[in-house]
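See structure below.
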Amino acid sequence: MKVTKLFLTAAIALGLGLTACSNDDDISSSDGGEKGNTNVSVTLKMSRDSGLRNTKALPEDYNPIGEWAGKDDIKTITVYLIDGSSVNSKSLEVGASGSGKDYEKIVNGSDITLVPKTTNAAIKTTAGIKKVYVLVNGTTDVINTLAKTPVAEFEDAYTQAALYLANSGTGAFNNSSSADKLAVKNGTTDETIVMANVKPETINVEANVTDSETLAATSPKNRVSLEVERVVARVMVSTQALTYTVPAAGGSPLGTISDINWVVAQGESKLFIQRKADWATPNFTWVPGSDADYWGTEITGTNSKYDYSGLFDNYDVATQFGGTAVATMSDYANDPYGNVTTELNDKLSGKFILPNTHAGATGNSSSYKKGNTAYVLIRAKFAPSAAAYADGGTYTTGDDFYVGANGKFYTSAANAVNVATGGVTGQTVAKYVGGQSFILCMGKSG
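Count along the sequence shown from 1, add 211, and you get the number used in the numbering used here.
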């Protein structure tokens, strides 16, 4: 089975222009003196071929499926303009061409441009040095967190403080993850994902620049560029085939693997709205130090380090089985963007988690451990062949089976330790309920 895990973010080039607009309310400067005499407007430019590339084949990927850019829907832009000791913000709507929204989305091949169209897209300010932050598709959680008027509090909330996003943890089966608060799949149409700037930019605003000057198609005045990134990580899994025959020594097959499903877990429950330059996440320095750490003492509530709700994605309590069916290479070839059905879209577009990073290997040691690293859990069904049973048993769909430390299969634990039924006295035995097997795949995210 070919399993590929990709944890990625994408950069977007963001341009801001400044303009004057006499019919907007005046915004005083931080000293309460000079009134606003120029405005700020925003232009977003996104290239699916460069800045918005979401996934691409890894060097060791022997089954490359091309590159998938995602299906981002930009609904709102919030501009935060810092002047001295004050923070001014304005939220603006984005729509299709001719929608009458503040911004129109123009698609040209693989490039997307969001162009300001209405006078509401101008934010009045004064001339001088300003710092600009931007939030794309801001949710209530994030916007309320950033509703800080003192500059120090705003910048701390945007760049330093870890924002906790509630999840259903391990105590419920409704599968509400932390990432669900920031990324939503809109059926097969598109995705609405929160994006934040990589870093703010400082601009020297020129006075008395008109709206037409800053919105000009060529040589606009008072314009600055920022980069924004999706604040979530994406995980994708693929397989070459839906079933696999497992060979065994001697030529007889050991059995058949089928019903391959997957879930993702142990992303963080918190995030920095603006990612750190070194990609450190809130629990970057935490490493399990005892056995108890590996089954967790803080997995629910506002102190939880990691999100385990993904384990219960499409989970059936009765059968103790579930997840999302793994997409095949032919699925990607036939419908690379998941436009046909919601089920296929769920397979092809992956799952979201909050990024989770740690210090890499130093010598023979790494801070990435089973208890602190995002992982994919593969759930599948395994049907042993008759030849695999040491006690002469056979397998019927849904049966439990047992595997001894000697690698042989048995119909019961008692047979596995009974020499008369091909067992080994005192050997350890693993039980597989309903023919289920699991594969844990760990990987970095960011």
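No residue lacks a Cβ here, since even glycine has one placed at the ideal position from N, Cα and C.
In the three-state DSSP reduction, V326 falls in the strand class (E or B). By the beta-carbon neighbour count (other beta carbons within 10 angstroms, threshold 16), A428 is exposed. Here V435 carries a strand assignment [DSSP, helix/strand/coil]. In terms of Cα proximity to G461, the closest of K558, A641, A599, T289 is A599. Note on geometry: alpha-carbon atoms of N299 and I293 lie some 6 Å from one another. Straight across, the Cα-Cα distance linking T403 with K581 is about 31 Å. Residue burial is scored here from C-beta neighbours: V630 has fewer than 16 other C-beta atoms within 10 angstroms and is therefore classed as exposed.
Here N355 carries a helix assignment [DSSP, helix/strand/coil]. DSSP, reduced to helix, strand and coil, places K516 outside both helices and strands of the structure shown, so it counts as coil. Within 10 angstroms of the beta-carbon of A368 lie 16 or more other beta-carbons, which makes it buried.
Secondary structure of A427 (DSSP, three-state): coil. The beta-carbon separation of A594 and Y606, rounded to 5 Å, stays under the 8 Å limit for a contact. Residue range 287-294 is occupied by the beta strand (DSSP E) that includes D294, with no alpha helix (DSSP H) assigned at that position.
For the options A627, K335, L651, the alpha carbon positioned closest to that of A585 is the one of L651. Remark: C-beta atoms of F483 and Q371 approach each other more closely than 9 Å.
It is roughly 8 Å from the alpha-carbon of E412 to the alpha-carbon of K341. DSSP links A476 through a beta bridge to Y586. The DSSP assignment places complete alpha helix (DSSP H) segments of no fewer than 4 residues inside the segment 580-640 at 624-627, in order along the chain. For the 9 Å CB-CB criterion, S308 and S389 do not form a contact. Distance from the Cα of A332 is smallest, within the candidate group V343, G521, G339, V290, for V290. Counting other Cβ atoms within 10 Å of its Cβ, N419 stays below 16 and is therefore classed as exposed. Y455 has I468 as its beta-bridge partners, per DSSP. Segment contact: the segment 441-448 against the segment 557-570, three or more CB-CB distances shorter than 8 Å; contact assigned.
S297: member of the beta strand (DSSP E) spanning 297-307, first to last residue.
Its chain contains S463, P464, L465, G466 as the residues whose beta carbon lies nearer than 7 Å to that of S596, once the 5 sequence neighbours on both sides are disregarded; these appear in chain order. The shortest C-alpha to C-alpha distance from K410 to any of K328, K558, E440 is the one to E440.
By the Cβ neighbour-count rule, D527 is exposed, with fewer than 16 other Cβ atoms within 10 Å of its own. With contacts defined by Cβ atoms closer than 9 Å, N378 and D518 form a contacting pair.
V345 is positioned such that its CB atom lies closer than 9 Å to that of I288.
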